[in-house]
Amino acid sequence: MGVFFEAELAQPKVREAIRDALETDPGQVQDTAAEAARRANTVTDDIRQGTKFQSGRFLLALAVFVAIVLAAVITDALKLETSPEALYGLAGTILGLVVGFLGGEKPGN
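Following this note's numbering, the residues of the sequence shown are numbered contiguously, the last one being 1098.
Listed below in structure tokens is the structure:
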């Protein structure tokens, strides 16, 4: 399970494609190589389209980031010495995590 992207299991789609291929009469297939390529492309496309962006989780992470930045701005305005630095550092870390998860989770095409 990903943080911002959730993928469907590929096994049912592959199982269905194999079952369909086994039920097809080989005598009805004119070009077996072309048919195999077509079926493989269909399964691959189905698997690639099986990822879903979890916008609620992303918005929650964004809200936490904004809250920490606002806290840093407020503590900076109140002339607190160490709190703004710590909060800005934490905000940078959270932003790095969000960007890292977004870039690392999305499957390549």
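Think of the CB as a built atom: it goes at the ideal place given N, C-alpha and C, for glycine as much as any other residue.
From a predicted model like this one, the values you see are computed outputs, not experimental measurements.
C-alpha gap between residue i and residue j, whole angstroms
i, j, result
"G1085", "T1021", "49 angstroms"
"T1071", "E995", "39 angstroms"
"F1090", "P1015", "45 angstroms"
"T1013", "A1025", "12 angstroms"
Short Cβ contact (7 angstroms threshold) for residue i with residue j
i, j, result
"V1018", "A1050", "no"
"I1083", "F1054", "yes"
6 angstroms Cβ shell around residue i - same chain, five flanking residues per side excluded
i, result
"L1079", "I1057"
"F1047", "F993"
Sequence-distant residues of its chain with Cβ nearer than 7 angstroms to residue i (five each side left out)
i, result
"K1002", "V1032, D1035 and I1036"
"G991", "E1094"
Per-residue DSSP class, three states only, for residue i
i, result
"K1041", "strand"
Status (buried if at least 16 other CB within 10 Å, exposed otherwise) for residue i
i, result
"L1011", "exposed"
"A1061", "buried"
Residue i CB to nearest heavy atom of the ligand GDP below 6 angstroms
i, result
"R1028", "The model on display carries no ligand, and the ligand GDP is accordingly not part of it."
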